[in-house]
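So the sequence shown is numbered by the numbering used here: it starts at 705 and just counts up by one.
Only one structure is covered here, and it is reproduced in the block below.
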Amino acid sequence: MKDATHPDPQDAGPAIPDAVIAEAAARLDNGEIVALPTETVYGLAARADDAEAVARIYAAKGRPSFNPLIVHVLDQEGARRLVHVGHRAALLMKRFWPGPLTLVLPARDASPLAPAVRAGLPTVAVRSPAHPVMRAVLARCAAPLAAPSANRSGGVSPTCAAHVRDSLGENVPMVVDGGPTRAGLESTIVAIRDQGWSMLRPGPLTGDAIAALLGPERNESCTGIEAPGQLSSHYAPGKPVRLNALHAEAGEFLIGFGTVRGDFDLSEKGDLVEAGSRLYDALHRATHAPEERIAVAPIPSGGIGAAINDRLRRAAF
Ligand code: TXA
Ligand code: MG
């Protein structure tokens, strides 16, 4: 089975000319926003230390200002300039970075981050992406890059360059086309607590993989809004969504899985990794289909199925 946490170099997407990487980095250094591929979904990047550049992200997405951004760094060293990295966070970074794992950690007092990145929280979400294009741009940029998914706030996340243009249009001056993304679901977000850890957003890296290193999840009661972006309604495809459908009813576009065959299938062989990589493409297709409603086949909840079902519940809300 394919492993969502370990990129296959053959899957890296089309080769991007060095001049394109250089242009993207130069625009970012200048305070512009640029859409870039990562191994999860496309991100809308800006330098994280520039308040005006960060404001451009919020404006282009129509994102509420209370929803903080993930900061992308090359490696653990890059993260240590921004946050306090304790023993448990270091273990996870060593094992899973670069890759689809975001860690929420206490912010350093003397951090260069624009305040809007944190949206008032005492923590910062940091991630080291595995995609070669994102890494090449990060290596050239003067600052770490804040990057939410490159879609209008509340919409379906983009897994190819066309989705980005569809959703953001003229709001993004440059989209670097790295082909379809591999994991297809946003990174797993884990908060490291004084004691234990909590899953803030299920993703390609499963809770079991985290628990294997840190022990079982321990949900300490949180103060305030802990994962402000995790609103119940999200990933909205713009049409009503019916879950656990075994057949399409009249007027429904059916997204299939396994033996439930639909107008578009997430994975005919019932492979959850493949299904995760195709989920947002399926929702984009359903949005553009003539049918007025969307139905989705049942998806098992094990492994990456937890993340797929999380996104589907929000899409259906
Ligand atoms: O895979 C991904 O994570 C992609 C790619 C582009 O890296 N990014 C992404 O960003 O999904 P976004 O903004 O769509 O989702 C980030 C989530 C939001 O739900 C936000 O509320 C949460 O991370 N977040 C950011 N900073 C946080 C913090 N300090 N504490 C808790 N949640 C935080
Ligand atoms: Mg998003």
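Every residue, glycine too, gets a C-beta built ideally from N, C-alpha and C.
With respect to the 8 Å criterion, residue 971 and residue 961 are classified as neighbours on the basis of their beta carbons. By the Cβ criterion, the stretch 987-1004 is not in contact with the stretch 887-905, since fewer than three pairs of Cβ atoms, one from each stretch, lie closer than 8 Å. Distance from the C-beta of residue 852 to the nearest heavy atom of ligand 2 is below 7 Å.
Out of 901, 994, 1016 and 949, the CA that lies nearest to the CA of residue 807 is found in 901. Partner residues in the beta bridge of residue 960, as assigned by DSSP, are 969.
Distance from the Cα of residue 950 is smallest, within the candidate group 886, 908, 969 and 739, for 969. Nearest C-alpha to residue 905 among 1014, 726 and 880: 1014. If you check the CB distance, residue 997 and residue 955 come in under 8 Å.
For residue 991, the secondary structure class from DSSP, reduced to helix, strand or coil, is helix. Judged by the Cβ position, residue 863 fails to qualify as a neighbour of ligand 1 at the 7 Å threshold, every heavy atom of the ligand being at least this far. Looking from the CA of residue 893, the closest CA among 946, 793, 942 and 737 belongs to 793. As for any alpha helix (DSSP H) of minimum length 4 sitting wholly inside the stretch 837-925, the runs are 865-872 and 911-918, ordered along the chain. The continuous beta strand (DSSP E) containing residue 998 extends over residues 997-1000. Taking the Cβ of residue 772 as the reference point, at least one heavy atom of ligand 1 falls within a distance shorter than 7 Å. Note that the stretch 853-864 touches the stretch 763-772; at least 3 beta-carbon pairs, one per stretch, sit closer than 8 Å. In this structure the stretch 771-785 does not touch the stretch 908-922; the number of beta carbon pairs closer than 8 Å is below three.
Beta-bridge partners assigned by DSSP to residue 828: 809. In the DSSP annotation of this structure, residue 786 is not part of any alpha helix (DSSP H), being labelled neither H nor E. Under the Cβ criterion (8 Å, minimum of three pairs), the stretch 811-823 does not count as touching the stretch 718-726.
Rounded to the nearest whole angstrom, the C-alpha separation of residue 878 and residue 984 is 22 Å.
Rounded to whole angstroms, residue 775 and residue 868 show a C-alpha spacing of 20 Å. In this structure, ligand 2 has no non-hydrogen atom nearer than 7 Å to the beta-carbon of residue 921. Annotation: residue 761 is outside any beta strand (DSSP E); the continuous alpha helix (DSSP H) that includes it extends over 755-765.
Boundaries cannot be given for residue 940, as no alpha helix (DSSP H) includes it and DSSP labels it neither H nor E. In the structure shown, residue 747 falls within a strand segment according to DSSP collapsed to helix, strand and coil.
Of the candidates 852, 863, 891 and 939, the residue whose Cα lies closest to the Cα of residue 738 is 852. Here the distance from the Cβ of residue 1012 to the nearest heavy atom of ligand 1 is not below 7 Å. Judged by beta-carbon spacing, residue 876 lies within the 8 Å limit of residue 748, meaning their Cβ atoms are closer than that value.
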